[in-house]
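Q: According to mature numbering (1 follows the signal peptide of the UniProt record, and there is no 0), the stretch in the sequence shown is residues -27 to -1, 1 to 167, in order.
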Amino acid sequence: MNMQLRSRKTLGHAVGGAAIFAAAALAAPALASAEPAELTSPTVTTGVQANTLSVTVANPNEDATSSCGAFALEAAKLPALREDPSKITEPGFLSWQTDVAERVGPAGEDTFTTDLENGVYAVVGECVSLANPEPVVGEPQIVPVGGLLGSVDLGSLQDILPADLDLGSLQDLLPADLGDLLAGLPLGSTGPAA
């Protein structure tokens, strides 16, 4: 648990550094009279339409210097992120993240959309504040994007399947904890574990 807490703090620092710096110029006058308030992670809801991921971020904090955002990464990268949260700063490690200029202010809410390749992604919300030195990061939400079978070519099998078969509806039949199961697997790798 201490390892996870330390990783979460390091992840929070990596995510929050740029946002805190950007917010400093805007919020410096408010800090003079602000009392530190508890900072909580945002409420994040997701939706998927074909390959378009929608992420709604709601900032529950009243701290005038708080801002919240979210990011998405391939779920298979979660173990690497937990092991080394600084990976979040590596180019290409994240599939998407909230732009610093579009972060959600106190008691605000906004929806962001992005197109992603077929796959299973983890969406994580985070909040930072000048009044609280420790950024907070929410729990990852596992979100399948595109077809569950990805770009698998069904070949001649397609000819015997009913024309109205919705393979996407198979998602409703999968266990609710599938994301937790997938997050622990070395998805996308056929080589031995290092």
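Quick reminder that beta carbons are idealized off the backbone N, C-alpha and C, glycines included. The model shown is predicted, which means the values in this text are computed figures rather than measured ones.
#1: Tell whether a beta-carbon distance below 7 Å holds between Asn91 and Leu12.
#2: Please report how far the alpha carbon of Ala5 lies from the alpha carbon of Gly81, in whole angstroms.
#3: Can you name, in chain order, every residue of its own chain whose Cβ lies under 6 Å from the Cβ of Thr25, other than the five neighbours on each side?
#4: Starting from Leu51, trace the alpha helix (DSSP H) in both directions and tell me its first and last residue.
#5: Taking just the CA atoms, how far does Glu99 sit from Ser59?
#6: Quick check on this structure: which residue in Tyr94, Ala10, Ser14, Ala31 has the alpha carbon closest to the alpha carbon of Gly120?
#7: State yes or no: is the C-beta of Cys41 within less than 7 Å of the C-beta of Val77?
#8: Do you know whose CA, among Thr71, Ile61, Leu51, lies nearest Pro15's CA?
#9: Are the beta-carbon atoms of Ser102 and Ser39 separated by less than 7 Å?
A: By the coordinates alone:
#1: In this structure, the beta-carbon distance from Asn91 to Leu12 does not fall below 7 Å.
#2: At Ala5, the pLDDT of 45 sits below 50, so the modelled position is not reliable; the number obtained from the coordinates is stated separately. Linking Ala5 to Gly81 through their CA atoms gives a straight-line distance of about 23 Å.
#3: Thr86, Asp88
#4: 51 to 56
#5: 15 Å
#6: Tyr94
#7: yes
#8: Thr71
#9: In contact: Ser102 and Ser39 (Cβ atoms closer than 7 Å).
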